[in-house]
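Residue numbering for the sequence shown follows the working numbering, beginning at 2 and increasing consecutively. Ideal Cβ positions, reconstructed from N, Cα and C, are used throughout, including at glycine. Quick caveat, the model's predicted, so the values are computed rather than measured. First the structure, in the form of C-alpha cells, and then the observations on it.
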Amino acid sequence: MTRRLLLSYLSLAGLVLLGLEIPLGVVYSRAERERIVTAANGEADAVAAFAELSLAAGRRDELVQRAGHCAERIGGQVVVLAADGTVLAASPALPAGQERALAARPEVAAALRGRGTTDVRASTTRGVHYLSVAAPVGHRGRAQGAVLITLPTDAVHDRVGRVWLLLALAGLAVLTGVGAVAFAFARWAGHPIRRLEEAAQRLADGSPAARVPITSGPPEVRSLASVFNRTALRLEHLLAAQQAFAGEASHQLKTPLAALRLRLENLEPAVARRARPGLAAAVTETDRLARMVEGLLAMARLEEDAAALPGPVGVGEVCAERHRTWLPLFEREGVSLVLFAGSVGPVLAVPGAVEQILDNLLSNALRASPAGSTVTVELRLHAPARRPPRDSRPCWVDLHVTDEGPGMTADQRVRAFDRFWRAPGAPKGGTGLGLSLVQRLAHASGGEVTLRPAATGGLDAVVRLPSAEPPPGRARRPLPVHAAEVSRPVHDVSTPLA
C-alpha cells in the first residue's frame, strides 16, 4: 500500500509539474527567438539608414567602419551591398568568390527589390545555426542596395537549454520533496493497515487473536481496527464455546447411549422369543444413534480444526495400516479387501484426514458389498510425463475405493454428499454423515472427492489430494497386496461412519 500511495502522489505531482514547466519552457524559447529576431531587424534597419546617408554623402569609409563596429557588437557578420549586388562593406571580410553567391541568396534578392526578410538556416560547413536578416537601402521605395546581418543562434540555444535544465532540476527537486512527504504520509497511513493484515493472517492461521493498536492512522483505519478487534474477540469466544461443547457432548452423550445398549442387551433373557426381533432392532437403532453422535462430533471437531494447515502425510503407509485394521471385518463378512500400493510419495492433508477418509469409505464399501465380492483400494499418481522447468502446477494423488455393490444413479451420486441423506434401499445401520465428512476433509486438505460408476457395476469413490513433493521420476507400477499377504495382527478397529 505504501508503494501505491507513493506512486500516486508522485504521479500527480509529475503531471502538475509537466503542465506547468513545459508551457513555461516553450514560452521562454519562443520569447528568446522573437527577441533575437527583433534585435537583428533593428540592427539591420539602423545600418541600412546609415548606409543610405553615407552613400548620399559619398563617405564610404564611414560605412565600412560602422559595419565593423556593428559586427563586433553583435558578434555576427554585417555586409552592405550596392544595387547591382557588389559588396560595399563587409565585416569580417568575405572569402574570395562568395560575393556573387551572396547576391543570389533569397533574402538578399528580396532586399534588393525593396523588401526586408528574415531567414533562419544552418551552415553546411560547421553545423551551426544562423539567423539572417536583410534590409533594403533606399529612399521612397527606390532600392539603392541591401544590408545583410548574420547572427549565430548558439547563444540563444544555450540560454534556452540552460532554462530547460533549470526547469528539470527544479521539477526533480520538487518531486524529491513531494516524494519525501508522500513517503512519510504513506507510512503513517499504511502502518496500521499492515498491523491489521498481520493480525488477520494470524487469526486465519488459527493463532490466538491479538488486539490491533488503534492509536495511529487515519480515522477510517482506526475504526476498522476497532471493529476487527471486536470481531476477533467474539470469534475466539465462539470457537472456545464450540470446543467446550464438543468435548462435553462427547462424554455426556456416549455414556447414556452405552448404558442404554447395555440395558437392552441385559433384557434379552427376559424378553419373549417373539419380541426378540424388536429388541434386536432397538439395539441396532441404538448403535446407529451412537454412530450418528460420533459423526456429528467428528464434524464439529473438523470445523474447529478448519484453520489447521495441510502437512505432508505418507498416504501409502496410512493405506497399509488401515488395510491391516479393516481386514478382519472384511474376512468376517466374506468380502476380499485388496490394496494396490505404489510409490506415490506423501500428500498434503490436514492431520488425521486420510485415516478418517479411508475409514468412512471402507465402511460404506463393506456395507454395500455382497459376500464373495472384492473391495479395492488403489493409489494413482497424476503427473505430466515431461514437466517444464518452471511449471508450478502440483501433482495429484488419487485414492480409489472401488466396490462391487449395487452402485448409485447419477442423481444419487450428486446427493450422496448431503448430510443425513441415504440412498433408497441402502443397507441398515448408516447415518448419512460419512460421505459428507469425507468431502469436508478432502476440501480442508486442498483436494476434492467424486463418485463414479465402477467398471464392475459398483461405485468408485475417488479422493484427489495434492502431492507434497514432485516425484523424482515416473511412479513405479503398483503391486497388488492381497489380504492373505498381510500378517500383522489387529488389536483395535475404529467405529466407522456411514
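For arginine 31, the enclosing alpha helix (DSSP H) stretches over residues 3-58. Rounded to the nearest whole angstrom, the C-alpha separation of threonine 3 and alanine 169 is 26 Å. Between isoleucine 194 and valine 228, the C-beta gap is not smaller than 8 Å, which leaves the two residues out of contact.
Closest in C-alpha terms to leucine 103, from the list Val79, Arg116, Gly115, comes Val79.
Using a Cβ distance threshold of 8 Å, serine 364 and glycine 448 do not count as a contacting pair.
With a cutoff of 8 Å on beta-carbon distance, valine 65 and alanine 90 are scored as near each other. For threonine 285, the three-state secondary structure derived from DSSP is helix.
The residues Val179, Ala183, in chain order, have a CB closer than 7 Å to that of tyrosine 10 in the same chain once the five nearest residues on each side in sequence are set aside. Counting only the Cα atoms, alanine 68 lies some 12 Å from glycine 76. Between the alpha carbons of threonine 285 and leucine 204 lies a gap of roughly 43 Å. Apart from the 5 residues on each side of it in sequence, arginine 416 sits with its Cβ closer than 7 Å to the Cβ of Trp422 in its chain, given in chain order. Rounded to whole angstroms, the Cβ separation of alanine 369 and glycine 406 is 3 Å, and the two are in contact under 8 Å. In this structure, arginine 465 and tryptophan 397 form a Cβ contact; the two beta carbons are roughly 5 Å apart against a cut-off of 8 Å. Around the Cβ of arginine 323, a 10 Å sphere holds 16 or more other Cβ atoms; the residue is buried. In the DSSP annotation of this structure, serine 374 is not part of any beta strand (DSSP E), being labelled neither H nor E.
Listed as beta-bridge partners of alanine 350 by DSSP are Gly312. Secondary structure at tryptophan 327: helix, using DSSP grouped into helix, strand and coil.
A direct Cα-to-Cα measurement between serine 224 and arginine 188 gives close to 18 Å. Annotation: the continuous beta strand (DSSP E) that includes glutamate 449 extends over 449-454.
In the displayed model, alanine 417 falls within coil according to three-state DSSP, outside both helix and strand.
In the DSSP annotation of this structure, the continuous segment of the alpha helix (DSSP H) that includes serine 437 starts and ends at 435-445.
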